[in-house]
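**Q** The structure is given below, and queries will be raised subsequently.
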Amino acid sequence: MALLQISEPGQSPDPHQRRIAVGIDLGTTHSLVASVRNGVSECLPDQSGRVILPSAVRYLLDDKGQTRRQIGFEALAAQAEDSQNTIVSVKRFMGRSLADLPDAGRLPYQFEDQPGMVAIRTVAGVKSPIEVSAEILASLRQRAEDTFNDDLFGAVITVPAYFDDAQRQATKDAAQMAGLNVLRLLNEPTAAAIAYGLDNGAEGLYAIYDLGGGTFDISLLQLSHGVFEVVATSGDSALGGDDVDHLLAEYALAQSQMQAATPQDKRTVLVAARRTKEKLSTDGNAHLSCALSGGMLSVTLTRAKLAELAKPLIDKTLAVVKRVLRDAKVKADEVKGVVMVGGSTRMPAVRDAVGGFFGQQPLTDLNPDEVVALGAAIQANQLAGNNAQGEHLLLDVLPLSLGLETMGGLVERIIPRNTPIPCARAQDFTTFKDGQTALAVHVVQGEREQVEHCRSLARFELRGIPPMAAGAARIRVSFQVDADGLLSVSAKEQLSGVEASVVVKPSYGLTDDQVANMLREGFTTAAADMKDRALREARVEAERMLEATRTALAADGDLLSPEQRAELDRLMTQIGQRCDRGDLEALEAATKALAQGTEAFAAERMNRSIRQALAGRQLDQL
20 MALLQISEPG QSPDPHQRRI AVGIDLGTTH SLVASVRNGV SECLPDQSGR VILPSAVRYL
80 LDDKGQTRRQ IGFEALAAQA EDSQNTIVSV KRFMGRSLAD LPDAGRLPYQ FEDQPGMVAI
140 RTVAGVKSPI EVSAEILASL RQRAEDTFND DLFGAVITVP AYFDDAQRQA TKDAAQMAGL
200 NVLRLLNEPT AAAIAYGLDN GAEGLYAIYD LGGGTFDISL LQLSHGVFEV VATSGDSALG
260 GDDVDHLLAE YALAQSQMQA ATPQDKRTVL VAARRTKEKL STDGNAHLSC ALSGGMLSVT
320 LTRAKLAELA KPLIDKTLAV VKRVLRDAKV KADEVKGVVM VGGSTRMPAV RDAVGGFFGQ
380 QPLTDLNPDE VVALGAAIQA NQLAGNNAQG EHLLLDVLPL SLGLETMGGL VERIIPRNTP
440 IPCARAQDFT TFKDGQTALA VHVVQGEREQ VEHCRSLARF ELRGIPPMAA GAARIRVSFQ
500 VDADGLLSVS AKEQLSGVEA SVVVKPSYGL TDDQVANMLR EGFTTAAADM KDRALREARV
560 EAERMLEATR TALAADGDLL SPEQRAELDR LMTQIGQRCD RGDLEALEAA TKALAQGTEA
620 FAAERMNRSI RQALAGRQLD QL
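Numbering (my numbering), first residue to last: 20 to 641.
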């Protein structure tokens with residue numbers, strides 16, 4: 020059913036006019052742009068008829084000393100001879116600091132660890148990954164505009180499902196720098212499912228196994244009558260075909276007892292390794308040879324040897340697959356089909372391992388390089404308002420839980436992982452101390468019970484809370500996640516109406532390892548985390564009890580005899596000792612003992628309050 024489209028006065032399109040929208044797959048090794056033409060989603064070729072654009076940018080100086088750029092195939096051809104100024108696989112650097120790059124020493128670049136994000140020094144100056152990505156996106160935008168001879172209305176850009184907020188924001192910034200109106204950031208597996216599902220009329224539960232040049236994603240989607248519901252998702256934003264290239268290169272160097280001494284050597288052997296890997300996808304044997312500064316490198320490799328070298332990486336992806344199935348509470352044999360996405364899935368070892376795990380032949384009838392861009396184009400066409408028929412509903416999910424820090428350094432989850440987005444959730448909190456007029460809100464993301472083990476997203480303060488007794492204030496904290504997976508948080512005191520909010524703008528200096536390991540740590544440390552949480556909760560309760568007792572003693576301590584006061588002091592000291600020791604049962608027992616020991620004191624305070632309230636009043640006045 021088509022919806023009535025309402026436009027501002029003078030801005031309604033002509034009946035025959037169509038908004039030009041594209042889908043862009045900004046990949047680690049290759050990028051593509053696609054659009055729906057004549058009702059069919061197709062990748063747009065360049066002037067030479069090639070649909071793939073290598074994700075490579077070279078900065079160089081011309082004869083006059085002016086800086087210029089080469090993008091795509093031209094840049095890729097020069098990566099061995101000018102490795103320091105030819106940047107490839109820049110997607111792996113998005114939103115990351117130098118400390119987050121364990122293989123930085125193996126790469127031929129001159130890195131600069133700038134605040135927020137690593138940068139690369141070139142002859143054209145220091146370039147951030149956002150700037151380099153913007154060059155690639157601008158080239159694809161130009162290709163689309165040349166194809167249609169018109170300006171673009173907007174673009175849907177795909178990102179790995181497991182990209183964190185910093186990486187998503189960096190991608191969006193790069194697109195805006197390239198002059199693109201971003202209609203949506205779309206998860207790559209979801210885009211692939213859209214392309215596959217609509218092309219094949221698929222129904223049921225499907226697994227999307229996406230292994231690209233630098234990232235890995237696995238998503239489970241339920242396809243039903245044009246509804247694409249992501250059931251669960253996970254992945255690793257620093258795992259892909261590039262890692263296989265590095266393993267091949269290291270093996271070849273070790274076999275030849277040679278070293279890649281210069282930046283040119285490092286890039287040359289990686290180029291040769293990738294070429295050999297691609298050849299072994301079709302042939303049983305291949306020869307890895309290249310000229311290095313120390314001599315000629317020459318090694319013969321077999322497909323079996325490639326499978327052996329790649330096995331630890333493939334096993335790593337299957338461990339993530341098992342976790343997703345566990346999250347979705349389904350078994351491997353309940354999956355109707357496995358869609359293979361990404362150029363690295365062309366490796367026979369990958370297809371055999373995935374097929375063996377699911378007990379069925381993976382689906383490879385769509386080009387794994389193109390399927391993500393095709394799905395993004397279908398989504399872009401719909402968001403641009405061009406799809407009057409055959410509309411589909413897309414339900415994506417949040418990959419990691421969102422929550423708040425509470426007393427004791429604990430995490431209170433507000434939105435659990437695998438919640439469909441966009442979404443909004445709210446929860447009420449209260450004050451800890453009497454007369455508290457401000458509340459610090461700390462937003463975190465992750466699966467652990469303690470704040471220090473999760474990722475900090477944002478902090479803000481709610482001020483102007485009316486002074487009242489501890490626990491009397493009602494502060495509602497609301498979380499909103501948009502369709503791009505980006506978060507905004509607000510806090511409002513319900514009685515006074517005071518409010519504060521923050522749009523989460525994450526810093527770019529994040530560790531991919533931390534994000535990729537969050538779920539794994541959540542499982543492996545669950546028992547220890549729950550024990551620690553119970554201890555922290557007991558400490559918070561003990562501190563609350565101590566604070567209440569001290570307040571009461573300051574106000575009405577004269578009601579107690581010296582013996583009673585000494586007994587309460589002893590019970591309070593006992594709680595302090597138990598807090599320091601970290602003995603949960605003993606702490607709970609001490610807190611209970613103090614609660615029981617103050618019952619008579621509480622009764623005396625109540626009697627005094629009643630006497631004071633009734634003093635000077637006659638019976639008929641009550």
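Where is the CB? At the ideal position from N, CA and C, for every residue including glycine.
1. Short of 6 Å in beta carbon distance, which residues of its chain neighbour residue 381, apart from the five on each side in sequence? Order them along the chain.
2. Going along the chain, which residues of its own chain have a beta-carbon closer than 6 Å to the beta-carbon of residue 186, five neighbours each way excluded?
3. Identify which residue in 160, 610, 169 and 209 has its Cα closest to the Cα of residue 196.
4. Using the beta-carbon count (16 or more within 10 Å), is residue 244 buried or exposed?
5. DSSP puts residue 52 in a beta bridge; with which residues?
6. Can you find the residues in the same chain that come closer than 6 Å, C-beta to C-beta, to residue 42, ignoring five residues on each side of it along the sequence?
7. Can you confirm whether the segment 307 to 323 touches the segment 273 to 287 when touching is taken to mean that 3 or more C-beta pairs between the two stretches lie within less than 8 Å?
8. Using the Cβ count rule (16 or more neighbours within 10 Å means buried), how would you classify residue 633?
9. Measure from the alpha carbon of residue 106 to the alpha carbon of each residue in 73, 121 and 228, then state which is nearest.
10. Can you say whether residue 452 is buried or exposed, counting buried as having 16 or more other CB atoms within 10 angstroms of its CB?
11. Check the C-beta distance from residue 462 over to residue 476 and give it rounded, since I have them as a contact under 8 Å.
12. Could you pull out every residue in the same chain whose Cβ sits closer than 8 Å to the Cβ of residue 275, ignoring the five residues on either side in sequence?
13. On the premise that residue 77 lies in contact with residue 94, defined as a C-beta separation below 8 Å, what is that separation, rounded to the nearest angstrom?
14. Thinking C-beta only, is residue 587 closer than 8 Å to residue 568?
15. State the Cα-Cα distance for the pair residue 575 and residue 620, rounded to the nearest angstrom.
16. At 4 residues or longer, and completely inside the segment 173 to 199: list those alpha helix (DSSP H) runs for me, N to C.
17. What does a CB cutoff of less than 7 Å around residue 457 pick up in its chain, not counting 5 residues either side in sequence?
18. Thinking C-alpha only, which one of 308, 66, 154 and 328 is nearest residue 260?
19. According to DSSP, is residue 315 part of a helix, a strand, or is it coil?
20. Tell me which residues share the same chain as residue 148 and place their Cβ nearer than 6 Å to its Cβ, disregarding the 5 neighbours each side in the sequence.
21. For residue 359, which beta-bridge partners are listed by DSSP?
22. Counting pairs of Cβ atoms below 8 Å between the segment 117 to 129 and the segment 78 to 86, do you hit three or more?
23. By the three-class DSSP mapping on this structure, what secondary structure does residue 73 have?
24. With DSSP as the reference, please indicate the residues paired to residue 67 in a beta bridge.
25. Any idea what DSSP makes of residue 526, helix, strand or coil?
26. Helix, strand or coil: which one does DSSP assign to residue 626?
27. Name, in chain order, the residues that DSSP records as bridge partners for residue 387.
28. Per DSSP, what kind of secondary structure is residue 61 in: helix, strand or coil?
29. What three-state label does DSSP hand residue 354 in the structure shown?
30. Since residue 553 and residue 603 should fall inside the 8 Å C-beta cutoff, what is the C-beta to C-beta distance between them, to a whole number of angstroms?
31. Sorted by chain position, which residues of the same chain lie with C-beta nearer than 6 Å to residue 292's C-beta, five sequence neighbours on each side aside?
32. Helix, strand or coil, according to DSSP, for residue 475 in the structure here?
**A** Taking the definition as stated:
1. Closer than 6 Å at the Cβ level, and outside the excluded window around residue 381, lie 357, 359, 370, 373 and 374.
2. Cβ within range, chain order: 113 and 114.
3. By alpha-carbon distance to residue 196, the top candidate from 160, 610, 169 and 209 is 160.
4. Exposed, because fewer than 16 other Cβ atoms sit within 10 Å of the Cβ of residue 244.
5. DSSP lists 43 as partners of residue 52.
6. The residues are 53, 175, 392, 395, 396 and 399.
7. Of all C-beta pairs linking the segment 273 to 287 to the segment 307 to 323, three or more are shorter than 8 Å, placing the two stretches in contact.
8. So residue 633 counts as exposed.
9. Nearest to residue 106 by C-alpha distance, out of 73, 121 and 228, is 73.
10. Looking at its Cβ environment, which holds fewer than 16 other Cβ atoms inside 10 Å, residue 452 is exposed.
11. At roughly 5 Å, the Cβ-Cβ gap stays under 8 Å, so residue 462 and residue 476 are in contact.
12. Excluding sequence neighbours, residue 275 sits near 316, 317 and 318.
13. In this structure residue 94 touches residue 77 by the C-beta definition: roughly 4 Å separates them, less than 8 Å.
14. In contact: residue 568 and residue 587 (Cβ atoms closer than 8 Å).
15. In a straight line, the C-alpha of residue 575 is about 9 Å away from that of residue 620.
16. Entirely contained in the segment 173 to 199, the alpha helix (DSSP H) runs reaching 4 residues are, in chain order, 184 to 196.
17. The answer, listed in chain order, is 480, 481, 482 and 484.
18. Selected option, being the one with the closest Cα: 328.
19. Of the three classes helix, strand and coil, the one that applies to residue 315 here is strand, per DSSP.
20. Hits under 6 Å: 109, 112 and 113.
21. Per DSSP, 228.
22. Flag = no, the segment 117 to 129 and the segment 78 to 86 do not touch.
23. The three-state reading of DSSP puts residue 73 in strand, counting E and B together.
24. Paired residues: none, contrary to the question.
25. Any reading at residue 526 needs caution, since the residue's pLDDT is 42, under 50, leaving its predicted position unreliable; the model's value is listed next. Three-state DSSP puts residue 526 in coil, outside helix and strand.
26. For residue 626, the secondary structure class from DSSP, reduced to helix, strand or coil, is helix.
27. Note: residue 387 sits in no beta bridge, so no partner.
28. For residue 61, the secondary structure class from DSSP, reduced to helix, strand or coil, is strand.
29. Residue 354 falls in the coil class under three-state DSSP.
30. Yes, they are in contact, since the Cβ atoms of residue 553 and residue 603 sit about 6 Å apart, within 8 Å.
31. Here the set comprises 264, 267 and 268.
32. In this structure, residue 475 counts as strand in the three-state DSSP scheme.
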